[in-house]
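Visitor: This is the structure I have questions about; it appears just below.
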Amino acid sequence: MGLTNLGGNLQQTRDSVSSEPDEQSVYIVSAINIGIEVGPTKITTAGGGSAFIIGHPTNGVLGTALGMNGKQVIIGLGGLGGGSAIQQVINPNSRFVERFNFDTFIDTSNTTCEYGGGSASLTNTEILQSEVMAFKSGTDIDKALFRVSSDYPSRLTLQLQTLTGNGSANPWESFTNGTLKTFTTTGEQMKYKITASGTATINKILIDYS
Amino acid sequence: MVLTDTGVNKAAEVFTSFLTKGQWGTGTADPSVSNTGLGSAIPDTLNGIGTAQSGNGFQCTHTTSTTEGNDYDLTEYELQFSDGTNFNRLVSAAIGKTNNIRITTITTVNIVRV
Numbered sequence: 001m002g003l004t005n006l007g008g009n010l011q012q013t014r015d016s017v018s019s020e021p022d023e024q025s026v027y028i029v030s031a032i033n034i035g036i037e038v039g040p041t042k043i044t045t046a047g048g049g050s051a052f053i054i055g056h057p058t059n060g061v062l063g064t065a066l067g068m069n070g071k072q073v074i075i076g077l078g079g080l081g082g083g084s085a086i087q088q089v090i091n092p093n094s095r096f097v098e099r100f101n102f103d104t105f106i107d108t109s110n111t112t113c114e115y116g117g118g119s120a121s122l123t124n125t126e127i128l129q130s131e132v133m134a135f136k137s138g139t140d141i142d143k144a145l146f147r148v149s150s151d152y153p154s155r156l157t158l159q160l161q162t163l164t165g166n167g168s169a170n171p172w173e174s175f176t177n178g179t180l181k182t183f184t185t186t187g188e189q190m191k192y193k194i195t196a197s198g199t200a201t202i203n204k205i206l207i208d209y210s
Numbered sequence: 001m002v003l004t005d006t007g008v009n010k011a012a013e014v015f016t017s018f019l020t021k022g023q024w025g026t027g028t029a030d031p032s033v034s035n036t037g038l039g040s041a042i043p044d045t046l047n048g049i050g051t052a053q054s055g056n057g058f059q060c061t062h063t064t065s066t067t068e069g070n071d072y073d074l075t076e077y078e079l080q081f082s083d084g085t086n087f088n089r090l091v092s093a094a095i096g097k098t099n100n101i102r103i104t105t106i107t108t109v110n111i112v113r114v
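Protein chains in written order, with my numbering: chain A, 1 to 210; chain B, 1 to 114.
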């Protein structure tokens, strides 16, 4: 290649470089949807106890057993000695949701499985049982739809129990996962119990009721 | 693309800090998505809340002391953002508030994929 030709080639290369292609932008558009799920609200009271309270429907009646702590009403007994009592548990749209981030509704006395961190892990015969997880004073619960998200739902026996307004328990009743059922005995409060017949992990519990 | 567990949990952590107050009222109308607050708030029950976050959930705990809300029938409750904007509203059966009762209200909220 002669020097003349070499110069021509260099000029051609410069022309190529200077005529850059149009800049192109690539946009990647994606949508992420995040939902806010308001779960149960638990309302408890402390106090009341057996103190006499003028005008109170329960603690304002002398001579009648059972103040708010279940003991005889006594004049002069004050303070917050009545302990803590569940007054109500309100679930938006009458749907209880358990995702195992907290143990607020776990009955730690009767539960034998491991729970927490977003799931409950049951092995054979282990039990997951709740405290009262639905309670609107004066309103009976007469039917429920019990749904459990699990890797082995067939290994789980589902039961619900209603209680009267003052906490008297009715018999446990069996439910089928995802099937609406009417209670034999209704009540203002409700608890659930799950018993395993093998290993299973539960990620979420939904209980709709009316 | 997926929304990771880490992302959902962080969203819960962030959102937890947005809710700062709770309050009781005496309204009895059924809750509605168009509600902008309580029907009839009891001023001295407006208190700061405690919060706790775990995984994709968080809890808001509000306490009404023995000196607050007395002689009212408490029937509705809300959580508020720091500027007073309403977050939720529930209606309960009446709770007669007297000066020897303390009321604790715990609300659980989850951040979820939809």
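From the three backbone atoms N, C-alpha and C, an ideal C-beta is built for every residue, glycine too. From a predicted model like this one, the values you see are computed outputs, not experimental measurements.
Report all residues from its chain with a CB closer than 6 Å to the CB of Thr195 of chain A; omit the five preceding and five following residues, and keep chain order.
Guide: Counting from 1 along the first sequence, the entry for residue 195 of chain A is found at position 195. Here the set comprises Ile127, Thr157.
Visitor: Excluding the 5 residues flanking Thr44 of chain A on each side, which residues of the same chain have their C-beta closer than 8 Å to its C-beta?
Guide: Start at 1 with the first residue of the first sequence, and residue 44 of chain A comes out as number 44. Only Ser84, Ala85, Ile86, Gln87 meet the Cβ criterion.
Visitor: The stretch 29–50 of chain A: which residues have C-beta closer than 9 Å to a C-beta of chain B, in chain order?
Guide: Correct list: Ser30, Ile32, Asn33, Ile34, Gly35, Ile36, Glu37, Val38, Gly39, Pro40, Thr41, Lys42, Ile43, Thr44, Thr45, Ala46, Gly47, Gly48, Gly49.
Visitor: Please report the distance separating the alpha-carbon of Phe102 of chain A from that of Gln59 of chain B.
Guide: As a first step, residue 102 of chain A must be located in the first sequence, where it is residue number 102. As a first step, residue 59 of chain B must be located in the second sequence, where it is residue number 59. Cα to Cα, Phe102 of chain A sits roughly 8 Å from Gln59 of chain B.
Visitor: Shortest alpha-carbon distance to Val81 of chain B belongs to which of B:Asn70, B:Gly27, B:Asp71, B:Leu19?
Guide: Looking up residue 81 of chain B in the second sequence gives position 81. Sequence inspection shows Phe at residue 81 of chain B; the Val mentioned does not correspond to that position. With distances taken between Cα atoms, Phe81 of chain B lies closest to B:Leu19.
Visitor: The stretch 16–29 of chain B: which residues have C-beta closer than 7 Å to a C-beta of chain A, in chain order?
Guide: The residues in question: there are none.
Visitor: Pull up the distance between the alpha-carbon of Thr123 of chain A and that of Asn70 of chain B, whole angstroms please.
Guide: On the first sequence, position 123 is the one that residue 123 of chain A refers to. On the second sequence, position 70 is the one that residue 70 of chain B refers to. Going by the C-alpha atoms only, they are around 49 Å apart.
Visitor: Helix, strand or coil for Glu76 of chain B, going by three-state DSSP, please let me know.
Guide: By 1-based counting over the second sequence, the position of residue 76 of chain B is 76. Glu76 of chain B falls in the strand class under three-state DSSP.
Visitor: Please identify the residue among A:Val148, A:Ser137, A:Val97, A:Thr111 whose C-alpha is closest to the C-alpha of Thr179 of chain A.
Guide: On the first sequence, position 179 is the one that residue 179 of chain A refers to. Per the Cα distances, A:Val148.
Visitor: Give the interface partners of Val26 of chain A over in chain B, defined as CB-CB distance under 7 Å, in chain order.
Guide: Against the first sequence, residue 26 of chain A aligns to sequence position 26. Those within 7 Å of Val26 of chain A in chain B number zero; the least Cβ separation is about 16 Å.
Visitor: Pull up the distance between the alpha-carbon of Asn88 of chain B and that of Thr199 of chain A, whole angstroms please.
Guide: In the second sequence, counting from the first residue as 1, residue 88 of chain B sits at position 88. In the first sequence, counting from the first residue as 1, residue 199 of chain A sits at position 199. Between Asn88 of chain B and Thr199 of chain A, the C-alpha separation is close to 38 Å.
Visitor: Please report the residue range of the beta strand (DSSP E) in which Asn86 of chain B lies.
Guide: Translated into positions along the second sequence, residue 86 of chain B becomes position 86. Element bounds for Asn86 of chain B: 86–96.
Visitor: Does the distance from the CB of Asp142 of chain A to the CB of Thr176 of chain A come in under 8 Å?
Guide: In the first sequence, residue 142 of chain A corresponds to position 142, counting from 1. In the first sequence, residue 176 of chain A corresponds to position 176, counting from 1. Taking 8 Å as the Cβ cut-off, Asp142 of chain A and Thr176 of chain A do not qualify as a contacting pair.
Visitor: Tell me the rounded alpha-carbon separation between Gly114 of chain B and Asn203 of chain A.
Guide: Along the second sequence, one-based indexing puts residue 114 of chain B at 114. Along the first sequence, one-based indexing puts residue 203 of chain A at 203. The sequence shown places Val at residue 114 of chain B, not Gly. The straight-line gap from Cα to Cα measures roughly 16 Å.
Visitor: Thinking C-alpha only, which one of B:Gly50, B:Thr98, B:Gly48, B:Val91 is nearest Thr67 of chain B?
Guide: Walking along the second sequence from the start, residue 67 of chain B turns up at place 67. Of B:Gly50, B:Thr98, B:Gly48, B:Val91, the residue nearest in Cα terms is B:Thr98.
Visitor: Closest Cβ-Cβ distance between Ser137 of chain A and chain B: below 8 Å?
Guide: As a position in the first sequence, residue 137 of chain A is number 137, starting the count at 1. Yes, its Cβ sits closer than 8 Å to a Cβ of chain B.
Visitor: From the DSSP output, read off the bridge partner residues of Tyr110 of chain B.
Guide: Counting from 1 along the second sequence, the entry for residue 110 of chain B is found at position 110. According to the sequence displayed, residue 110 of chain B carries Asn and not Tyr. According to DSSP, which records beta bridges pairwise, Asn110 of chain B is partnered with A:Glu37, B:Gly57.
Visitor: Is the distance from the Cβ of Pro92 of chain A to the Cβ of Val38 of chain A below 8 Å?
Guide: Within the first sequence, the letter at position 92 stands for residue 92 of chain A. Within the first sequence, the letter at position 38 stands for residue 38 of chain A. Against a cut-off of 8 Å, the Cβ pair of Val38 of chain A and Pro92 of chain A comes out as a contact.
Visitor: In terms of residues, what are the limits of the alpha helix (DSSP H) holding Glu68 of chain B?
Guide: Numbered from its first residue, the second sequence carries residue 68 of chain B at position 68. Looking at the DSSP string, Glu68 of chain B is not in any alpha helix (DSSP H), and its letter there is neither H nor E.
Visitor: Are the beta-carbon atoms belonging to Trp172 of chain A and Gln189 of chain A less than 8 Å from one another?
Guide: Here residue 172 of chain A refers to the residue found at position 172 when the first sequence is read from its first residue. Here residue 189 of chain A refers to the residue found at position 189 when the first sequence is read from its first residue. Against a cut-off of 8 Å, the Cβ pair of Gln189 of chain A and Trp172 of chain A comes out as no contact.
Visitor: Please classify Val14 of chain B as buried or exposed, where buried requires at least 16 other C-beta atoms within 10 Å of its C-beta.
Guide: Along the second sequence, read from residue 1 onward, the residue named residue 14 of chain B stands at position 14. Looking at its Cβ environment, which holds fewer than 16 other Cβ atoms inside 10 Å, Val14 of chain B is exposed.
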